[in-house]
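Asks: In terms of our numbering, the sequence shown opens at residue 22 and continues consecutively.
Glycine included, every Cβ here is placed at the ideal spot set by N, Cα and C.
Following this message is one structure expressed as structure tokens.
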Amino acid sequence: ASEPARGAPASEFARPTLAYDRSESQPNGQRQGLRNILASRARNWLGGANVEPGTPVELARRPHTEDSFRLARAIRMRVFTREEEDEGFDWNAFWSKMAPDTVQFVIVFLSCIYSYCIAHYGPAFRVQLAWAFVVSLGSLYMPQFVEAIAVGAIAGMSNKRHPRVIPTTPWILVPAVLTGLLWIPFHRRKLFEGNGGRYGLVGFVATNITAILFLMPLNVIPFGRYSDSHAVTTWSHAARFWLVARYAFCTPLAGILTRVTKISTGHRDITAGAMSALLLISLVQTVGRKGDLTYDISQAVTIGAFIGISDATVLQSQHVPLCCLLGVGFRLLS
């Protein structure tokens, strides 16, 4: 019954047992012979006749015995151990990762000190003119680092007196270091990119951390710096007509001029704002006398320049005047 009928097609025959079937009935000699054949083909595929002794190719060409496997395992462990011993700490890889951040930190640090010094110890520079001058100068010689220069220059706008924030030059080193450290994550992760107040935010946070953690506990500046003693008590004190008129006229003008400069020249955001502020503040301080009028107009121009440097994707051009007026209201109330 098990034999096929005569004349039956070949496909109907029962499948014969092949020599390489892995069955229990297959002798060990046949399985070992097939294993040697496969190993021989693998050795021929791995390399030619000239191979270095001890390499994986040469080990694969050896007979598969327990000694060869033990030798190959020992050689692999020796190679891995030697690579781990020779590897050590890769200073080149570490420096290649830290070099850009280090350069940004150094530029912010130096720009902050330079802006503070020329604002308080140089000629008749105000803090509003100092940052515009430093950023404009930096954009000419190091345009690729103009953002770091702007962050440091804005942090260096802190007043030395009236109101007293950073009283002496040695204390500017603390906010300069904090500003550089804060700017690194802002720069790497592109936080608030396109917003006009991005650079001022870093300087504001670093300066207030310095005041709260260092200057006030050491009695360098009074704790009443953040009290209500200097706040506006009634609206009539802040809403003087000419004060509001100066801010309401100069701030939108500076914002529009900054946006037009940015569009027409193709400069980077902060470069356009710095050059516009430098032009307007220089004219004001040249023509006007030292007093509240010059100070208020310089403040208004700085506010407008910061608002005007925002990207069009964040703040459209037709909304710049309205945003400038909102900035005026915040400035008068604060």
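Can you tell which of Gln306, Met296, Pro121, Cys345 has its C-alpha closest to the C-alpha of threonine 209?
Replies: Taking the sequence shown and counting its residues from 1, one reaches residue 209 at position 188. First, the residue type needs correcting, since residue 209 is arginine and not threonine in the sequence shown. For the residues Gln306, Met296, Pro121, Cys345, the minimum Cα distance to arginine 209 belongs to Pro121.
Asks: Does the separation of the CB atoms of valine 172 and tyrosine 220 fall below 7 angstroms?
Replies: Along the sequence shown, read from residue 1 onward, the residue named residue 172 stands at position 151. Along the sequence shown, read from residue 1 onward, the residue named residue 220 stands at position 199. Yes, Cβ-Cβ distance for valine 172 and tyrosine 220 is below 7 angstroms.
Asks: Could you spell out where the alpha helix (DSSP H) holding proline 206 opens and where it closes?
Replies: For the purposes of this step, residue 206 is taken as residue 185 along the sequence shown, with counting starting at 1. Run containing proline 206: 194-210, per the alpha helix (DSSP H) assignment.
Asks: Taking 7 angstroms as the cut-off, decide whether the C-beta atoms of valine 322 and arginine 280 are in contact.
Replies: What you label residue 322 is simply residue 301 of the sequence shown in a count that begins at 1. What you label residue 280 is simply residue 259 of the sequence shown in a count that begins at 1. No, the pair does not count as a contact, with Cβ atoms beyond the cut-off.
Asks: Once the 5 residues before and after glutamine 306 are set aside, which same chain residues still bring their CB inside 8 angstroms of it?
Replies: Mapped onto the sequence shown, residue 306 falls at position 285. Here the set comprises Ala145, Arg147, Leu150, Thr315, Ser319.
Asks: Closer than 8 angstroms is the cut-off here; do at least three beta carbon pairs connect the region 284-292 with the region 261-270?
Replies: The region 284-292, when compared against the region 261-270, does not touch it at the 8 angstroms Cβ threshold.
Asks: Contact between the region 324-342 and the region 186-200: three or more CB pairs below 8 angstroms?
Replies: Because the criterion of three Cβ pairs below 8 angstroms is not met, the region 324-342 and the region 186-200 do not touch.
Asks: Looking at C-alpha atoms only, which residue of Ser157, Thr190, Ala153 is the closest neighbour of tyrosine 142?
Replies: To locate residue 142, count along the sequence shown from 1; it is residue 121. Residue Thr190 is the option with its Cα nearest to tyrosine 142.
Asks: Looking at isoleucine 356: is its Cβ nearer than 7 angstroms to the Cβ of glycine 217?
Replies: One cannot answer for residue 356 here, as it falls past the ends of the chain, which runs 22 to 355.
Asks: Have a look at valine 186 and isoleucine 277 and give me their C-alpha separation to the nearest angstrom.
Replies: In the sequence shown, the residue the question calls residue 186 occupies position 165. In the sequence shown, the residue the question calls residue 277 occupies position 256. Rounded to the nearest angstrom, the two C-alpha atoms are 31 angstroms apart.
Asks: Short of 6 angstroms in beta carbon distance, which residues of its chain neighbour isoleucine 242, apart from the five on each side in sequence? Order them along the chain.
Replies: Position 221 of the sequence shown, counting from 1, holds the residue named residue 242. The answer, listed in chain order, is Arg185, Leu236.
Asks: Rounded to a whole number of angstroms, what is the C-alpha to C-alpha distance between glycine 177 and aspartate 111?
Replies: The count along the sequence shown starts at 1 and reaches residue 177 at position 156. The count along the sequence shown starts at 1 and reaches residue 111 at position 90. Answer to the nearest angstrom: the Cα atoms are 37 angstroms apart.
Asks: Assuming aspartate 290 is part of the alpha helix (DSSP H), what are its boundary residues?
Replies: Numbered from 1 along the sequence shown, position 269 holds the residue referred to as residue 290. It spans 290-308 - the alpha helix (DSSP H) in which aspartate 290 sits, taken as one unbroken run.
Asks: Where does isoleucine 277 fall in DSSP's three states?
Replies: Within the sequence shown, the letter at position 256 stands for residue 277. Note: isoleucine 277 maps to helix in three-state DSSP.
Asks: Using beta-carbon positions only, say whether threonine 282 and alanine 293 come within less than 7 angstroms of one another.
Replies: For the purposes of this step, residue 282 is identified with residue 261 of the sequence shown, where counting begins at 1. For the purposes of this step, residue 293 is identified with residue 272 of the sequence shown, where counting begins at 1. Closer than 7 angstroms, so yes.
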